[in-house]
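In terms of our numbering, the sequence shown is numbered consecutively and its last residue is 449.
Beta carbons: idealized from backbone N, C-alpha and C, even for Gly.
A quick write-up on the structure given underneath.
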Amino acid sequence: MPPLLTIDSVECLQARLDALGLSLKITQLAGGELSGTLLPLLLGPLRLLRIRVDRSVHCAGPKPRGSQIVAMDLDRDLDGDVTSPALMRSHGQPLLPRALFGLSCAGEVHLTTFGPCDMALLLIHREEFLHRADRLGCSVLEQVLPRNWLTLDPGRFARLRRYLHQLFSTLETDPTLQQVAGFDELVSNDLIPLMLEALIHGGHAGDSLPRAPSRIELVKAAQRWMEAHPRQPIHLEGLCREVHTSRRSLIQGFREHLGMGPMTYLRLHRLHGIRQELLGADPSQMTIGSRAAAWGFLNPGHFARQYANLFGEQPSETVGRLRSLPGLLLDRPSPPE
Numbered sequence: 113m114p115p116l117l118t119i120d121s122v123e124c125l126q127a128r129l130d131a132l133g134l135s136l137k138i139t140q141l142a143g144g145e146l147s148g149t150l151l152p153l154l155l156g157p158l159r160l161l162r163i164r165v166d167r168s169v170h171c172a173g174p175k176p177r178g179s180q181i182v183a184m185d186l187d188r189d190l191d192g193d194v195t196s197p198a199l200m201r202s203h204g205q206p207l208l209p210r211a212l213f214g215l216s217c218a219g220e221v222h223l224t225t226f227g228p229c230d231m232a233l234l235l236i237h238r239e240e241f242l243h244r245a246d247r248l249g250c251s252v253l254e255q256v257l258p259r260n261w262l263t264l265d266p267g268r269f270a271r272l273r274r275y276l277h278q279l280f281s282t283l284e285t286d287p288t289l290q291q292v293a294g295f296d297e298l299v300s301n302d303l304i305p306l307m308l309e310a311l312i313h314g315g316h317a318g319d320s321l322p323r324a325p326s327r328i329e330l331v332k333a334a335q336r337w338m339e340a341h342p343r344q345p346i347h348l349e350g351l352c353r354e355v356h357t358s359r360r361s362l363i364q365g366f367r368e369h370l371g372m373g374p375m376t377y378l379r380l381h382r383l384h385g386i387r388q389e390l391l392g393a394d395p396s397q398m399t400i401g402s403r404a405a406a407w408g409f410l411n412p413g414h415f416a417r418q419y420a421n422l423f424g425e426q427p428s429e430t431v432g433r434l435r436s437l438p439g440l441l442l443d444r445p446s447p448p449e
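Below is the structure:
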């Protein structure tokens, strides 16, 4: 497994995660060239990722089949509460800094980050995770996981986060430690019980998460329409009719869950669609203006400016770059067992 991997664009982040078995659609929400790092670790039966990016993103897609996910924030102030501005939302749910999330195997990933993020993602085969729980006397684990979110008490969360910080920092400094005989087993035998203990005993009744606003379902319905009709012209009133809601409800829903209005998000979504076409395009067989027009961007100057504001480069700089991406990627691994 390679050491620390660099991320220099939204498609690089998406491709690296895809190579690790996470097939997510990632939409960059904040303008500028996205950058970050990804540290992938294979530790016995579990896979552990540290993902750092410097821009707001929205991630959506299926969860790995048969795998248990546990995700957590590695960076935010632990004293934040439900009244603090939400820096992460999972299915519209504002997440406290001490939340473990992504726990339910049902449904899909629907995560929005507001600003730079530093998060850990643990994946382990679900049956193995439940087997380990039984061996440690944590047979009630199956009652916890369907919640999808769990806010831990400060002490347990701090211990878990401190352990992960120490592990990540050590391996970023000296990746060869993973080659030491018994290292993977030693870490997994420490981390899995620590995670199980937090899940079973770490829930803090006073920090129950607020109910996610019902408008999240309107947002998801609008997103599904955008995916199914990537180039179809539409205005706000038409989008409201498609998802059977009012202008006010749809606008409020998008602002709550994605930090922008529905038409702004639609423009970003379509800019990503054009970018995917430009990445693999043969410059001799296309013109940027014709591709942009096909997606509804009829003014070349306005399109180029909006594109550069979002991705930090001109459309002409993107053309054909996909041919350089395979060298960045990892071979796709088998799911952890």
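Taking DSSP as the reference, what is the three-state secondary structure of A416?
A416: helix per DSSP, three-state reduction.
Which residues in the same chain have their Cβ closer than 7 Å to the Cβ of V299, if we skip the five residues on either side of it in sequence?
Result list for V299: L155 and L279, in chain order.
Report buried or exposed for E429, applying the criterion of at least 16 other Cβ atoms within 10 angstroms of its Cβ.
Result: exposed.
Express the C-alpha separation of D120 and E239 in angstroms, rounding to a whole number.
Taking the straight line joining both Cα atoms gives about 36 Å.
Ignore the nearest five residues each way along the sequence and tell me which others in N421's own chain have a CB closer than 7 Å to its CB.
Cβ neighbours of N421 beyond the five flanking positions: G143.
If you check the beta carbons only, do Q388 and E123 fall under 9 Å apart?
Yes.
Starting from I138, trace the beta strand (DSSP E) in both directions and tell me its first and last residue.
Element bounds for I138: K137 to Q140.
Enumerate, from N- to C-terminal direction, the unbroken alpha helix (DSSP H) stretches of 4 or more residues contained entirely within the stretch 337-388.
Segments of the alpha helix (DSSP H) lying fully in the stretch 337-388: 348-355 and 359-370.
Only counting runs of 3 or more residues, tell me where the beta strand (DSSP E) segments fall wholly within the stretch 249-330, in order along the chain.
Runs found: 261-263.
Using a Cβ-Cβ cutoff of less than 6 Å, which residues in the same chain neighbour H222 once the five nearest sequence positions on both sides are dropped?
Cβ within range, chain order: A172 and H203.
Taking the alpha-carbon of L264 as reference, which of S168, D130 and L208 has the nearest alpha-carbon?
Measuring from the Cα of L264, the nearest candidate turns out to be L208.
Can you give the Cα-Cα distance for P447 and S179, rounded to whole angstroms?
Residue confidence is low: P447 scores 43 on pLDDT, short of 50, so the model does not pin down where it sits. Its coordinate-derived value is still stated next. Roughly 8 Å between the two C-alpha positions.
In the DSSP assignment, the alpha helix (DSSP H) including P427 goes from what residue to what residue?
Where P427 is concerned, the enclosing alpha helix (DSSP H) stretches over P427 to T430.
If I measure Cβ to Cβ from T195 and keep anything under 8 Å in the same chain, skipping five residues before and after, which residues do I get?
Because the pLDDT at T195 is just 42, under 50, the model does not fix this residue reliably, and the value given afterwards should be weighed accordingly. Taken in chain order, the list of residues that qualify is empty.
Using 10 angstroms around the beta-carbon of R210, count the other beta-carbons present and answer buried if the total reaches 16, otherwise exposed.
R210 should be labelled buried.
R159 lies in the beta strand (DSSP E); which residues open and close that run?
From DSSP, the beta strand (DSSP E) with R159 extends over L158 to V165.
Helix, strand or coil for F226, going by three-state DSSP, please let me know.
If DSSP states are grouped into helix, strand and coil, F226 belongs with coil.
Distance check for T376 and R359, CA to CA, integer angstroms please.
Distance between the alpha carbons of R359 and T376: 14 Å.
Assuming the contact rule is C-beta atoms closer than 8 Å, R367 and G373 should be a hit. Round their C-beta distance to whole Å, please.
At roughly 6 Å, the Cβ-Cβ gap stays under 8 Å, so R367 and G373 are in contact.
For the beta strand (DSSP E) that C96 lies in, which residues bound it at each end?
Because the chain here runs from 113 to 449, residue 96 falls outside it and cannot be looked at.
Give the straight-line distance between the Cα atoms of W337 and P174, rounded to the nearest whole angstrom.
Whole-angstrom Cα-Cα distance: 18 Å.
Cβ of P176 within 9 Å of Cβ of L151?
Cβ distance not < 9 Å, so P176 and L151 don't count as in contact.
Could you give the C-beta distance for L306 and C250, rounded to a whole number, given that I count them as a contact under 8 Å?
Not a contact, Cβ separation roughly 12 Å.
Taking the beta carbon of G392 as the centre, do at least 16 other beta carbons fall within 10 Å, making it buried, or is it exposed?
G392 is exposed by the Cβ-count criterion.
For a test of the three-state rule: what should DSSP assign to A172, helix, strand or coil?
Looking at A172 - three-state DSSP - the assignment turns out to be strand.
In terms of residue numbering, what span does the beta strand (DSSP E) encompassing L154 cover?
Residues G148 to L155.
Hey, does H356 have any beta-carbon neighbour from chain C nearer than 9 Å?
Looking at the structure shown, chain C is missing, and only one protein chain is on hand.
Is it true that the CB of L129 sits closer than 9 Å to the CB of F423?
No. Outside cutoff.
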